[in-house]
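Residue numbers (my numbering), protein chains in the order written: chain C, 29 to 149; chain G, 2 to 180; chain Y, 26 to 120.
Quick reminder that beta carbons are idealized off the backbone N, C-alpha and C, glycines included.
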Amino acid sequence: MDAITIAMIVLIAISAIFVLLGAIGLHRFPDVYTRLHAATKATTFGTIFLAVAVIAHGVYSYTKAGAPDQPAYIVLVAHTIVALIMLLLTNPTGAHAIARAARRSGIEPERAVIDDTREVR
Amino acid sequence: MITFLVLFVSMLLLYLLLVAGSGGGDGLLGQLFSYQEIGAAIVLAILTAAIARAMLGKAKNRVMNNPGKLLKAPFMFIVFLFPFFYAMAEANLDVAYRVITGRIRPGIVRIRPKLKTDLGRTMLANSITLTPGTLTVDIDEKSGDLFIHWINVKDTKTDDERIKAVCGSFPAWARRVVE
Amino acid sequence: MTFGPSEVLLIGAGVLSLGILISLFRILLGPTSADRVVAMDTINTLVVGLMIALGAFYRQVVFIDIAIVYAILSFVTTIFIARYMEQSREKGGSD
């Protein structure tokens, strides 16, 4: 096995672990807010590593490919970067929107030791 | 005018990123962009910026009013990415630990980060969401107070201690980048 | 079949599909509608990742273009459902 394969295995393994942990966290935690923690953080992190693996693969293939095939790999890497930026911008905002909607629609955080939103409402 | 320029530059960069690889020349530089695409990028960026300017010019206390800070912001943002990614890795190990052991002590706390601009608040709220054990739930729009769901509440006495425990040095970073 | 960098991507895509499957059970079980939206948001993120991985594996750039559009549209969907949940409560409806 060459270096690029080993690097890809490491990146994909990290991504796979966090994606699975995020999905399992949806079932392990008791309420919406704690589930959001697992879902947004772990899956965003996992997807970042997957995208980094794809970018590494694209750069490697670019150096190996012949001149006519090379532009396709530039497009691949550039578009992966755009997709990654979109995910990084939208994921925390979406999580925040869900949390706010859940709190305003009256879902209480389970097993909470402190809840400052109660005094405001 | 400054809003227009900021929009123009960011739209131009986005378009050029999307059409990278259209060149058809030799080598990496020759393959990147064709002249037609660069021309189309400039025209479309001017159009988009002209249309979107009216919508984005409404935010309160904008950084965009101050050209010096505006030029500094992108560089500070890139520097900010390093502590951010470190905190993010830490956050994920923390979440992994809690998924496996199921050891949680959740609660919603109120903190007062004292940020003035909308952009600074947005940045802080998003960084808090992606870092250890915390998730922004709501914002009090008048005072800028954030309500934060905390997966493992630690007991703190003063407000400053609590801000430190929730988001570390992020308010200072948000202030440095955009205020 | 040789085992190279591309095949590693296919394994990654398989793991993402497994994550989507696990999240689907939360949509079926989820006691409140907020739980279902959380699971849907997770699935959207994973689908974007899946499209990127498969796009690189099959060397189809159009998959990644669709992933970008999907990421933006799924964000709009999430915001829209969140807004709906907030307002249905304020007007006295049930969730």
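Please say whether residue j and residue i have beta carbons closer to each other than 8 Å?
i	j	result
A63 (chain C)	V94 (chain Y)	Note on residue identity: the sequence assigns Arg, not Ala, to residue 63 (chain C). Not a contact, by the Cβ cut-off of 8 Å.
I129 (chain G)	F171 (chain G)	yes
T71 (chain C)	G50 (chain C)	yes
V80 (chain C)	L54 (chain C)	no
I43 (chain G)	L13 (chain G)	yes
I77 (chain Y)	T108 (chain C)	yes
A100 (chain C)	E111 (chain Y)	no
N153 (chain G)	I112 (chain G)	no
T70 (chain Y)	T75 (chain C)	yes
A97 (chain G)	P133 (chain G)	no
M65 (chain Y)	I52 (chain Y)	yes
I164 (chain G)	P114 (chain G)	yes
V82 (chain C)	I135 (chain C)	no
L8 (chain G)	A21 (chain G)	no
R122 (chain G)	G145 (chain G)	yes
H65 (chain C)	L136 (chain G)	yes
G29 (chain Y)	S43 (chain C)	no
F86 (chain G)	A50 (chain G)	no
Please classify residue i: does DSSP put it in a helix, a strand, or coil?
i	result
T159 (chain G)	coil
F148 (chain G)	strand
L45 (chain G)	helix
I52 (chain Y)	helix
I140 (chain G)	strand
T57 (chain Y)	coil
T132 (chain G)	coil
L116 (chain G)	coil
P120 (chain C)	helix
R84 (chain Y)	coil
R54 (chain G)	helix
F76 (chain G)	helix
I89 (chain Y)	helix
S133 (chain C)	coil
I47 (chain Y)	helix
I105 (chain G)	coil
A104 (chain Y)	It should be noted that the sequence gives Ile, not Ala, for residue 104 (chain Y). In the structure shown, I104 (chain Y) sits in a helix (DSSP, three-state: H, G or I).
G29 (chain Y)	coil
I39 (chain G)	helix
V96 (chain G)	helix
I164 (chain G)	helix
E2 (chain Y)	Limits of chain Y in this structure are 26 at one end and 120 at the other, which puts residue 2 (chain Y) out of reach.
List the whole-angstrom C-beta distance separating residue i from residue j, where the pair is believed to meet the contact cut-off of C-beta under 8 Å.
i	j	result
I126 (chain C)	A59 (chain Y)	6 Å
L131 (chain G)	A175 (chain G)	With 8 Å as the limit, L131 (chain G) and A175 (chain G) do not qualify as a contact, their Cβ atoms being about 13 Å apart.
V86 (chain Y)	L48 (chain C)	Rounded, the Cβ-Cβ distance is 28 Å, inconsistent with contact.
L115 (chain C)	V73 (chain Y)	6 Å
A74 (chain G)	V178 (chain G)	6 Å
A67 (chain C)	T67 (chain Y)	4 Å
Q98 (chain C)	Y88 (chain C)	No, Q98 (chain C) and Y88 (chain C) are not in contact; Cβ-Cβ is about 12 Å, not under 8 Å.
M36 (chain C)	V33 (chain Y)	4 Å
F82 (chain Y)	S31 (chain Y)	6 Å
T126 (chain G)	H124 (chain C)	For the sequence presented, residue 126 (chain G) should be read as Ala rather than Thr. A126 (chain G) to H124 (chain C), Cβ: 6 Å. Contact.
I89 (chain Y)	A31 (chain C)	With 8 Å as the limit, I89 (chain Y) and A31 (chain C) do not qualify as a contact, their Cβ atoms being about 25 Å apart.
I'd like to know whether the C-beta of residue i is nearer than 8 Å to at least one C-beta of chain C.
i	result
T49 (chain G)	no
G108 (chain G)	yes
S42 (chain Y)	no
T137 (chain G)	yes
L53 (chain Y)	no
T130 (chain G)	yes
G145 (chain G)	no
V72 (chain Y)	no
Q32 (chain G)	yes
M89 (chain G)	yes
L79 (chain Y)	no
L98 (chain Y)	no
G121 (chain G)	no
I79 (chain G)	no
L125 (chain G)	no
First and last residue of the alpha helix (DSSP H) that includes residue i?
i	result
L39 (chain C)	A31 to R56
F34 (chain G)	Run containing F34 (chain G): none; DSSP gives neither H nor E here.
P96 (chain C)	Unbroken run through P96 (chain C): none, as it is neither H nor E.
F5 (chain G)	I3 to L19
R63 (chain C)	V60 to L64
Distance cutoff 8 Å, beta carbons only. Does residue i sit that close to anything in chain G?
i	result
R128 (chain C)	yes
H85 (chain C)	no
T121 (chain C)	yes
A70 (chain C)	yes
A106 (chain C)	yes
F73 (chain C)	yes
Could you pull the start and end residues of the beta strand (DSSP E) that residue i belongs to?
i	result
V154 (chain G)	Neither: V154 (chain G) is in no beta strand (DSSP E) and is coded neither H nor E.
V110 (chain G)	G108 to I112
Any beta-carbon of chain Y closer than 8 Å to the one on residue i?
i	result
H26 (chain C)	The first residue shown for chain C is 29 and the last is 149, placing residue 26 (chain C) beyond what the model contains.
G94 (chain C)	no
Y90 (chain C)	no
Check whether the Cβ of residue i sits closer than 7 Å to any heavy atom of the ligand ADP, and report yes or no.
i	result
L35 (chain Y)	This structure lacks the ligand ADP; in fact it carries no ligand of any kind.
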